[in-house]
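Input: a single structure, listed below in structure tokens.
Residue numbers (the working numbering): -7 to 676.
In structure tokens form, the structure reads like this:
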């Protein structure tokens, strides 16, 4: 007899516990088992992949459906609809009642009620955070309903009882994030107990508490879970939870399906019962953990599993790295074979689906075949056969009952093939991961040939386009250089006009006013003196503008002196502290273009700071590091926004143009604490 189990993916304890019970019971009864990992692919009678777990492909005589973990993709399926997909193969559902399908359910209402009442009555907790699971999950909805009913009843009697409900997705990460967000959003809400809809989320809460162990308000929180996965007992403190008899349910499902196959009448609804497990996380048994050797055997077992898990992770990591550089299918097969030896896996098969497959005829092309320790690639490769025929042939002449795990090989929504393998239960998560890596490698290799052809065409087009872009860029740089040259000439002319004409006129007017002041009345003298003072100040500003427009001392006194004057002038003019540092070796000499453009970039940066930064302090630094000059202008202001960087104005574009002229790398970014940093770096 051969049966199938349809699950999501064997990468978490709930499914592994059910699978463990099903697998062990199947071995006891001499029943062959094939585990189909449906993942996120929907059940659909029109899809050929939904037809795979049937009698035609694998000789399946019955199917155990883990409906709770594939409920999102199962929908409201009934026995009639399963007949359309799998024919009249007997089906047993685990965890969810399906119309016309014998179903195994767990009675958890009483245990959940006892758990919540235990927290209220025994420990007198009043402030609760309930971390729920997915909204469309039947078991989760029931647990949440019971929690609400009990809390509301008690709240009617005691107004000090409060609760908040947050929705997770049954993963550690979701509860960890909920705790982080809740603490930030409700800093004054004191939590007494966090009730989680499953153990994985309770472990996520533990991780949050460990990361925030210095927060005393969060160290006395009680935490409870649901499911009683093995890790819940090994956590410190151990987790109070509700035990679900998952392995027993797996065993019962095999017996139920066997009776169906043999024509026996079975009940449509079958129940198993959960029970409350009181440990330490709720506040009970606090001294139990202090007893000598209490955890010795558990820790020893955990360390053994941990070491083997670490070894598998290292092998998995190395395999992923090696597959990343594989460039042929032969090379892929070599690394797969080597990895399987390290993992002690004797049977592993990769089949690629043919494009000619239909929902009634699924053709496959074998890629890698290892059966009972023997690699059979040469015997089966390059053949296109029906999936059912291949499975019969590969198992022909084998008297013992073999159990397989089935997983799709997919990339995105594209299903390229499937993998069949036999492995120990604890290796299943690693196998799921490595098959994902293999799938990505297959996808890459399948696209490789087409990419080579296209790359030749693109190479010609890119070469042509690159040449055009280089020419256009060179022309752009030439035009920018010419524009900057003309701009500097205009600045120079404007500076000369200001200094030689306007400034002289203002000086004459000032002198005239002071002269007139001596010949007029006291009131008129004061007015004329005030006018003379204003003209003198205007004259000083005009001279400063003339100086800033064209720094003639760059060529005479040098860049260091010019920048020092610029920073001093900036500090006086805008009342902003400006610290300047020059750390360039004396042997280094910049050419006139480098000096002028660097000066202008610093000048523009200071101008932007005075207008936009709201800063109180600026640091200007020029240094030489190996063969490079590095210039930074840093302020402690409000910082540049991302929008400003995206929509560059005239000033930023001007700095970028000038940096391009001297071949400099130009950066402008927001500091970690506050303010903005402008940085240029160019080769000496």
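The beta carbon of each residue, even a glycine, is placed where N, CA and C say it ideally should be.
For clarity, every value in this text was computed on a predicted model and none was experimentally measured.
Opening and closing residue of the alpha helix (DSSP H) in which residue i lies
i, result
"residue 223", "222 to 226"
"residue 218", "Looking at the DSSP string, residue 218 is not in any alpha helix (DSSP H), and its letter there is neither H nor E."
"residue 596", "584 to 600"
"residue 559", "551 to 566"
"residue 196", "191 to 203"
"residue 548", "545 to 548"
"residue 16", "5 to 21"
"residue 608", "Residue 608 -> no alpha helix (DSSP H), and no H or E assigned at all."
"residue 323", "321 to 334"
"residue 247", "238 to 253"
"residue 371", "369 to 372"
Endpoints, the beta strand (DSSP E) within which residue i is located
i, result
"residue 154", "154 to 159"
"residue 339", "339 to 345"
"residue 27", "24 to 29"
"residue 95", "95 to 99"
"residue 671", "668 to 675"
"residue 259", "Looking at the DSSP string, residue 259 is not in any beta strand (DSSP E), and its letter there is neither H nor E."
"residue 271", "That residue, residue 271, is in no beta strand (DSSP E); it is neither H nor E in DSSP."
"residue 229", "Per DSSP, residue 229 belongs to no beta strand (DSSP E) and is neither H nor E."
"residue 657", "657 to 662"
"residue 361", "355 to 363"
"residue 575", "569 to 575"
"residue 85", "83 to 86"
"residue 624", "620 to 627"
"residue 641", "No beta strand (DSSP E) holds residue 641; DSSP gives it neither H nor E."
Contact check, residue i vs residue j, beta carbons under 7 Å
i, j, result
"residue 231", "residue 266", "no"
"residue 654", "residue 577", "no"
"residue 203", "residue 160", "no"
"residue 234", "residue 107", "yes"
"residue -5", "residue 87", "no"
"residue 1", "residue 410", "no"
"residue 191", "residue 217", "yes"
"residue 667", "residue 634", "no"
"residue 26", "residue 50", "yes"
"residue 207", "residue 269", "no"
"residue 643", "residue 600", "yes"
"residue 85", "residue 95", "yes"
"residue 422", "residue 304", "yes"
"residue 121", "residue 186", "yes"
"residue 258", "residue 18", "no"
"residue 399", "residue 361", "no"
"residue 82", "residue 252", "yes"
"residue 656", "residue 672", "yes"
"residue 125", "residue 132", "yes"
"residue 199", "residue 168", "yes"
"residue 573", "residue 613", "yes"
"residue 606", "residue 641", "no"
"residue 608", "residue 566", "no"
"residue 395", "residue 5", "no"
For residue j and residue i, believed in contact at Cβ under 8 Å, the rounded distance
i, j, result
"residue -2", "residue 57", "5 Å"
"residue 659", "residue 610", "That pair is no contact at about 17 Å."
"residue 373", "residue 358", "6 Å"
"residue 142", "residue 175", "That belief does not hold up - the Cβ atoms of residue 142 and residue 175 are roughly 25 Å apart, past 8 Å."
"residue 21", "residue 256", "Contact doesn't hold; Cβ gap of about 15 Å is too wide."
"residue 188", "residue 123", "5 Å"
"residue 315", "residue 430", "7 Å"
"residue 195", "residue 223", "6 Å"
"residue 271", "residue 277", "6 Å"
Open item on the list: Which runs of the beta strand (DSSP E) at least 3 residues long sit entirely within the region 104 to 188? Give them in chain order.
Closed with: 119 to 124, 154 to 159, 185 to 188
- [ ] Say whether the region 236 to 244 touches the region 6 to 15, bearing in mind that this needs 3 or more beta-carbon pairs closer than 8 Å, one atom from each stretch.
- [x] yes
Task: Sequence ranges, beta strand (DSSP E) only - wholly within the region 376 to 459, length at least 3 - done: If only uninterrupted beta strand (DSSP E) runs of at least 3 residues are considered, those enclosed by the region 376 to 459 are 396 to 403, 406 to 414.
Open item on the list: Between the region 589 to 599 and the region 643 to 657, can you find at least three pairs of beta-carbon atoms closer than 8 Å?
Closed with: yes
Open item on the list: With a threshold of 8 Å, are at least 3 pairs of Cβ atoms found where one atom belongs to the region 317 to 328 and the other to the region 443 to 454?
Closed with: At 8 Å Cβ cutoff, the stretches do not touch.
Task: Segment contact, 8 Å Cβ cut-off, at least three pairs: the region 335 to 345 with the region 450 to 465 - done: As far as the Cβ criterion goes, the region 335 to 345 does not touch the region 450 to 465, which means the pair count is below three.
Task: Inter-stretch contact (C-beta, 8 Å, three-pair minimum) for the region 370 to 378 and the region 429 to 444 - done: No contact exists between the region 370 to 378 and the region 429 to 444.
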